[in-house]
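Q: So that we are looking at the same thing, I have put the structure below in structure tokens.
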Amino acid sequence: MELCADSLRMYPDAQLVMCAAERLACLPCVTHHIDMLIRDDVLWLFWCDRQGVIRSTGISIVRNAPYFLLVLLAMQRFNAIDWGIPESFPDNAPRDEFTLLPGASPLSADITVNWSAVIHHTFQLSGRSTRVFQGKGGSSMLAVKISHCERARLTEDEIVKLALGVTLSTTFPLKDHLPAFVYGRNLDYDSGWIREFVQSPGGDLSASCAPRLTVWEMLQPIHHLAASDFVRCWLEIVHTHRLLWQEGICHLDPSLGNTMVRMVNGTYRGVLNDWDLAHVRGKSKGDGSERIGTRVFMAIDLLCAKGSDPVERRYRHDLEAFVWILVWVFLTYDRDNVAHKVRTTSRWMSPSVGEVVDAKQLFLLGIDRCNPQPQEKWKGHWGLVRLMRHMFAELVLTPEMQRTHRQAVSPEPSDEDVYVAFWAKVDEHYMSLGDEGLQELIATRKYPGLLPPVL
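Take the sequence shown: its position 66, counting from 1, is numbered 66 in UniProt numbering, and each next residue is one higher.
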């Protein structure tokens, strides 16, 4: 719901929340925001950071005038760090120029960053609030990433390092399909200290957050490729994800922004990016049952789960997310990579989870009244979407219908059965394209270790 300026005057709490969100997003890195709310003669202080909001007890500024003046005098003496700006980071609108990375070390001495060149950003009051900026390392373009991560979680670069250390039974070149880490460090801030200091009853110290700065190789968007190259790279990413899932490294957040490409020996190769939310069995905290991910591409079963109830994360949930990426790209992007507003995919961005679920279910059933059609660029591969739609309608909707009609529910297929069925649909699609499709299929299968045996 949008609030006009007149409405916001009636809701000071809403004003304060919006001000905090804007403050936390206005500069490259802001660790916290301090604000005050005065109603009549009562004053509340608010501390807002990525872990949440802490509110003080209200005091009367009339009866406690000396304390109020003490607060004002203390705030007058705050420096940039006290106001939430880490040392060496811009404390005003950054210029369009490359400057040395803050906290430079021998490992990062030649890395520069342009804080005004924002590649990706999110506008929210809590959570990771990831922001990515353009950087340089010598003549190479880099991605400088700032993300507010839970300290108890494995860092993204630690997870990528574990993934690169996996010994595969195939010749699949895993390194070509994972992001290349350059440099990283935690910034000097922990959201847990203020909660420990004030003994906040709602402050979970185990969930304390810290901003982490990492530098990665610059990758390219996958949807900019030609249709045949896009599908090939998408399949490479799906296979990368599957191999690591088998080794206990579960990505849990497939999305369009996390499926990228790089050039390897003159050929584009798919890269599975952004491992912040990944779960490593036996090393990460918890059991990986959190309902995390990008909602636009999230599996229907995860969206349907109630409240914060844990959900058993299955391989097919992530595979379904990859299929929603395919659908999104085919319906949205034209030959010039211009995104078109389509009613079907617009409903996936609805604030109502129920509407998102309804839109995805109608699409799988093939009864979407919008009659979605692919952009011209992707029409040759729309048959793959149809096949995936039938497969996931069977996997996701059929059991729900059986439960509704009190019929015996089909047993949950194994991860391997799901993956084999997926590749059977891929083979069927390529074979339906005639000689051209057969050539693409042969070219795809030549890639070492990519596919399971032909059925």
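Cβ coordinates follow ideal geometry from the N, Cα and C atoms, glycine included.
Note that the structure is predicted; figures quoted are calculated from it, not measured.
Do W275 and F297 count as a contact pair if the criterion is CB distance below 7 Å?
A: Cβ distance not < 7 Å, so F297 and W275 don't count as in contact.
Q: With a threshold of 7 Å on Cβ separation, who are the neighbours of M260 within its own chain once the five nearest residues in sequence on each side are excluded?
A: Around M260: L219, Q220, P221, I222, V271 and N273.
Q: Grouping DSSP H, G and I as helix and E and B as strand, with all else coil, what is Y447?
A: Three-state DSSP puts Y447 in coil, outside helix and strand.
Q: For Q439, does the three-state DSSP call read helix, strand or coil?
A: It is helical.
Q: I need the DSSP call for I54, collapsed to helix, strand or coil.
A: Note: I54 maps to strand in three-state DSSP.
Q: Have a look at A152, F172, R23 and A74 and flag the residue whose alpha-carbon is nearest the alpha-carbon of L277.
A: Per the Cα distances, A152.
Q: Given this structure, state the Cα-to-Cα distance separating H317 from K145, to the nearest angstrom.
A: Between H317 and K145, the C-alpha separation is close to 27 Å.
Q: How many Å lie between E290 and F322 at the Cα?
A: C-alpha separation (whole angstroms): 19 Å.
Q: How should H405 be labelled, buried or exposed, when 16 other C-beta atoms within 10 angstroms of its C-beta is the threshold for buried?
A: H405 should be labelled exposed.
Q: Rank T267, Q407 and D13 by C-alpha distance to the C-alpha of R232 and give the top, closest one.
A: It is T267 whose Cα lies nearest to the Cα of R232.
Q: Looking only at C-alpha atoms, which of P12, G58, V30 and V426 sits nearest to C209?
A: Closest option to C209, Cα to Cα, is V30.
Q: Can you name the start and end residues of the alpha helix (DSSP H) that P399 belongs to?
A: Taken as a continuous stretch (DSSP letters only), the alpha helix (DSSP H) holding P399 covers T398 to T404.
Q: Check this for me: beta carbons of S284 and L154, under 7 Å apart or not?
A: Yes. Within cutoff.
Q: Looking at the secondary structure, which residues open and close the beta strand (DSSP E) in which Y189 lies?
A: Counting along the chain, Y189 falls outside any beta strand (DSSP E), and DSSP gives it neither H nor E.
Q: Going by DSSP in three states, F230 sits in which element: helix, strand or coil?
A: Three-state result, F230: helix.
Q: Using the Cα positions of V420 and P411, report the straight-line distance between them to the nearest angstrom.
A: Rounded to whole angstroms, V420 to P411 spans 17 Å at the Cα level.
Q: Where does D35 fall in DSSP's three states?
A: Strand.
Q: To which residues of the same chain is A117 closer than 7 Å at the C-beta, ignoring the five residues directly before and after it?
A: Taken in chain order, the residues that qualify are F133 and Q134.
Q: Would a C-beta distance cut-off of 7 Å place H381 and A227 closer than the cut-off?
A: Going by C-beta atoms, H381 is nearer than 7 Å to A227.
Q: Report all residues from its chain with a CB closer than 7 Å to the CB of G138; omit the five preceding and five following residues, and keep chain order.
A: Closer than 7 Å at Cβ, skipping near neighbours: D110.
Q: Excluding the five sequence neighbours on either side, which residues of its own chain have a C-beta within less than 7 Å of the C-beta of L115, listed in chain order?
A: Position check: residue 115 holds Trp in this sequence, whereas Leu was assumed. If we look at W115 and ignore the five residues flanking it on each side, its Cβ neighbours are P28, P90, P94 and F133.
Q: Compare the beta carbon distance of D35 and L16 with 7 Å and say whether it is the shorter of the two.
A: Contact: yes.
Q: Nearest-angstrom Cα distance between E394 and A299?
A: Spanning the two alpha carbons is a distance of roughly 14 Å.
Q: Taking Cβ positions, are F330 and P374 nearer each other than 7 Å?
A: For F330 and P374, yes; Cβs fall inside 7 Å.
Q: Considering only C-alpha positions, which residue in the set D82, Q51, L43 and R50 is nearest to F68?
A: Answer by Cα proximity: L43.
Q: With burial defined as no fewer than 16 other Cβ atoms inside 10 Å of the residue's Cβ, what is the status of L70: buried or exposed?
A: That one is exposed.
Q: To the nearest angstrom, report how far apart H390 and A21 are at their CA atoms.
A: One C-alpha to the other measures close to 42 Å.
Q: By a C-beta neighbour count over all protein chains shown, 10 Å radius and 16 as the cutoff for buried, is D253 buried or exposed?
A: It is buried - the Cβ of D253 has at least 16 other Cβ atoms within 10 Å.
Q: Whole angstroms are fine: how far does the CA of H33 sit from the CA of D229?
A: Between D229 and H33, the C-alpha separation is close to 45 Å.
Q: Among residues of its own chain, excluding the 5 on either side of V454, which ones have a beta-carbon nearer than 6 Å to its beta-carbon?
A: Residue confidence is low: V454 scores 48 on pLDDT, short of 50, so the model does not pin down where it sits. Its coordinate-derived value is still stated next. Hits under 6 Å: none found.
Q: In terms of residues, what are the limits of the beta strand (DSSP E) holding S147?
A: Segment S140 to E150, the beta strand (DSSP E) holding S147.
Q: Would R50 be called buried (16 or more neighbouring beta carbons within 10 Å of its own) or exposed?
A: Buried, since its Cβ has 16 or more Cβ neighbours within 10 Å.
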